[in-house]
Amino acid sequence: MKNIANLLTSSIVAIWVGAIAILSVQNATQVSLKFLGFESIKLPVGVVLAFSASLGVVGGAIAFPLFTPSENREDDDFEDDVPENRQSSGGSDWLETGSQDW
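Following this note's numbering, the numbering of the sequence shown begins with 82 at its first residue and continues without gaps.
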């Protein structure tokens, strides 16, 4: 199952790289990105797509462990910590006998 996931991931990345290469060759138009009043330098469309795809892959790899629940965690039920059949004999449980050697 893990081999299939690796094969699928590799094929998706290969398709992306191939598509970016084809688009870069066919469309060498210079574009610039504008965001919040800032403007980037003019870059070819293929380079912008390559950077966007790589940032998406890295961002997804970082975000995936942050937003998935850990398998090691168990639900903490405080009721499980308290023994159910605990019986006390009264105040003698809390009294210590002092040392007589003083």
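By construction, the Cβ of each residue, glycine as well, lies at the ideal position given by its N, Cα and C atoms.
Which residues mark the beginning and the end of the alpha helix (DSSP H) in which residue i is found?
{"i": "S91", "result": "83 to 107"}
{"i": "L136", "result": "126 to 148"}
If I measure Cβ to Cβ from residue i and keep anything under 7 Å in the same chain, skipping five residues before and after, which residues do I get?
{"i": "V94", "result": "none"}
{"i": "I122", "result": "S113"}
{"i": "G141", "result": "none"}
For a quick check, are the C-beta atoms of residue i and residue j less than 8 Å apart?
{"i": "V98", "j": "V112", "result": "no"}
{"i": "I101", "j": "A131", "result": "yes"}
Excluding five sequence neighbours on each side, which residues of the same chain lie with their C-beta closer than 6 Å to the C-beta of residue i?
{"i": "E120", "result": "S113"}
{"i": "V138", "result": "none"}
Excluding the 5 residues flanking residue i on each side, which residues of the same chain have their C-beta closer than 8 Å to its C-beta?
{"i": "I85", "result": "none"}
{"i": "A134", "result": "W97, I101"}
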